[in-house]
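A short write-up of the structure that comes next.
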Amino acid sequence: MRSTLPLLLSLSLTFILTLADAPLRAHSQQPSAPPPAAVPAWLASLTPEQRAIFDDARKSFNAADFKSAFPRLTQLHEQVPQNDIITKFTAEAAINVGDNAVASSLLDSILNSNADDAQALALQAHLYGQQNDVTRRDAILDHIQKLHDAARPAPPVVIVENDELPDGGIVRISDYIEPQSRFHIVLMAEFFDASRKRTRRIALESDDIDQVAFRRDHPEQAAKGVRVYSMDSYGETRNAQGQVTAQTHATLCPVPGCFMTGRPAYELFRSTVLGTNKAAPISSTTSHPDPTH
Numbered sequence: 006m007r008s009t010l011p012l013l014l015s016l017s018l019t020f021i022l023t024l025a026d027a028p029l030r031a032h033s034q035q036p037s038a039p040p041p042a043a044v045p046a047w048l049a050s051l052t053p054e055q056r057a058i059f060d061d062a063r064k065s066f067n068a069a070d071f072k073s074a075f076p077r078l079t080q081l082h083e084q085v086p087q088n089d090i091i092t093k094f095t096a097e098a099a100i101n102v103g104d105n106a107v108a109s110s111l112l113d114s115i116l117n118s119n120a121d122d123a124q125a126l127a128l129q130a131h132l133y134g135q136q137n138d139v140t141r142r143d144a145i146l147d148h149i150q151k152l153h154d155a156a157r158p159a160p161p162v163v164i165v166e167n168d169e170l171p172d173g174g175i176v177r178i179s180d181y182i183e184p185q186s187r188f189h190i191v192l193m194a195e196f197f198d199a200s201r202k203r204t205r206r207i208a209l210e211s212d213d214i215d216q217v218a219f220r221r222d223h224p225e226q227a228a229k230g231v232r233v234y235s236m237d238s239y240g241e242t243r244n245a246q247g248q249v250t251a252q253t254h255a256t257l258c259p260v261p262g263c264f265m266t267g268r269p270a271y272e273l274f275r276s277t278v279l280g281t282n283k284a285a286p287i288s289s290t291t292s293h294p295d296p297t298h
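Numbering of the sequence shown is given in my numbering, commencing with residue 6 and proceeding in unit increments.
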């Protein structure tokens, strides 16, 4: 059931690439030609030969071809071991090709110097999640959440694991450190078929609408900030162009119940997503709004 098949990049390093390529915008009332793209220090420090290696590796990395990217990034890391961003790229590639020992060593080299490095922590959560190391995975996710709650740098979303399904599909599970949308989504599982088209999502959410009855029935708990959560499934039907034409929504009822007081543990969500905790739906509707809007 476990898989390290590359599906999508970790948001932390995708964000690095965005920053590296994003041009600075002039704050001027007069129209002018856009300034040249800003080159971050970690990239500017590379020699032309090293930059060529990185550009080649990045093409493979962006295409989720980690088997090709990993040896090139390893080669580059050996030349610039002090470059933390290259180290992080190499660690992520290592995770996605299943070289856990290398990934762990690379991330430890960063976190031993800065235990709160947000990008390295996100990758370490992915590393432990991919291994289903429950204790260390949950400890890292808790660390990231505490950084976020203290208004310190933290990734808004952490890709925790990608799992291969019996039909050749993939499910990706992400922890939303910053709850998303009006549904207050905190965990999301996205299902992709063998052609990597998304077919379904399961969200652990805490919709404001569901809090009305909870506040009425449990005023003391609600006053302390406790919320009620549910697991909701969103199926997708697509046309030939890949556009979503219809959605089916269902509220799932895993053990211990359909509506759960307080945020359930990651492992309960994971077991429901992977089918080891059977969850029958209590309701089903079509054309439900997209939960990410």
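Using N, Cα and C, we set each Cβ at its ideal position, and we do this for glycine too.
Between the C-alpha atoms of Y133 and V231 there is a straight-line separation of about 28 angstroms. Runs of the alpha helix (DSSP H) spanning 4 or more residues and lying entirely within the region 120-177 occur at 123-136, 139-154, in chain order. Two segments are said to touch when three or more pairs of C-beta atoms, one from each, lie closer than 8 angstroms; by this definition the region 172-184 does not touch the region 248-265. Residue environment: T95 is assigned as buried (16 or more neighbouring CB atoms within 10 Å of its CB, all protein chains considered). Following the DSSP letters along the chain, one finds H254 inside the beta strand (DSSP E) bounded by residues 249-258.
Rounded to whole angstroms, the gap between the alpha carbons of A127 and A46 is 22 angstroms.
The region 204-280 contains, as complete alpha helix (DSSP H) runs of 4+ residues, the segments 213-222, 224-228, 271-278 (chain order). Contact check for I178 and V191: beta-carbon distance about 12 angstroms, past the 8 angstroms limit, so the pair fails to qualify. V217 sits exposed, since fewer than 16 C-beta atoms from the chains shown fall within 10 Å of its C-beta. Around the CB of D213, fewer than 16 other CB atoms lie within 10 Å, so the residue is classed as exposed. When the alpha-carbon of A125 is set against those of I145, G240, Q136, the nearest one is in I145. Per DSSP, V102 is one residue of the alpha helix (DSSP H) stretching across 89-102. Put simply, the backbone Cα of E97 is about 24 angstroms away from that of V278. Three or more beta-carbon pairs separated by less than 8 angstroms are not found between the region 219-229 and the region 188-208, which leaves the two stretches without contact.
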